[in-house]
Amino acid sequence: MKHSLSLLFIAGFLSMSAADPQIPPQFPRVRGVYQMTDTWSVTLPSEFAKRIEEGDLVLWRKGLTCWIVVYDLKDGETPKQRLDWLKGDASKDAVERWESVDAMPLRYAYLLHEKEEAGERWALYTFTVGDRSHVMMAIYFDKKDDLAEARAIGMSIAQQNLPNQPAQPTRGKAPRG
């Protein structure tokens with residue numbers, strides 16, 4: 001199931017006095033450790049604008065956009081089973097792939113060089129799988145030089161284990177092929 005990120009829209013505002021002038025003033029700003037949901041956080045290396053679009057969390061700055069969706073695991077599904085399914089569903093056009101399965105959360109990512117009518121861009125698709133849910137973060141960036149920052153953001157996703165915490169309200173199930 002997909003977690004509703006709108007509940008945390010208010011959290012993470014920063015002072016407008018030190019605001020990045022490239023971020024329009026109508027958008028809240030976040031930086032550092034940002035709590036995306038009750039159980040998932042991400043560490044941002046600089047100031048990002050924040051918005052909720054179609055129920056999904058979007059963090060962005062000039063040249064780099066993170067699109068974030070959180071899905072519950074199915075009843076009885078293990079994190080390894082979810083990771084295996086995600087890997088099997090990954091694009092065959094990946095330029096590079098990364099995986100970390102030695103400790104929780106489990107991680108998998110792949111890089112695409114996407115060509116569209118509007119031009120070319122890079123896309124790093126990261127999947128961070130925890131005990132009860134996984135975070136899918138698509139990080140789009142204009143220059144390959146931003147890959148290190150994109151990877152650092154994706155690798156910084158952390159899960160806080162809250163005992164006896166019921167699942168957050170959701171609006172859908174993880175898509176299955």
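All residue numbers for the sequence shown refer to UniProt numbering, where the first residue is 1 and numbers rise by one.
Glycine included, C-beta positions come from ideal geometry on N, C-alpha and C.
Since the model is a prediction, treat every value here as computed from it, not as a measurement.
Would Asp72 be called buried (16 or more neighbouring beta carbons within 10 Å of its own) or exposed? buried
Please tell me whether Gln159 and Pro79 are closer than 8 Å, where the distance is taken between their beta carbons. no
Evaluate Val70 with the Cβ neighbour count: other Cβ atoms within 10 Å of its Cβ, from every protein chain shown; 16 or more gives buried, anything less gives exposed. buried
CB contact flag (Trp60, Ala138, <8 Å) = no
Point to revise | Where the alpha helix (DSSP H) through Met155 begins and ends | key: Leu147 to Met155
**Asked** Among all the DSSP beta bridges, which residues are the ones paired with Glu96?
**Response** Leu111
Chain-order list of residues whose beta-carbon lies under 7 Å from that of Ala11 (same chain, five-residue window excluded): Confidence at Ala11 is low in this model, with a pLDDT of 35, below 50, so its placement is unreliable and the value that follows should be read with caution. Once the five neighbours on either side are set aside, the close Cβ partners of Ala11 are Gln35.
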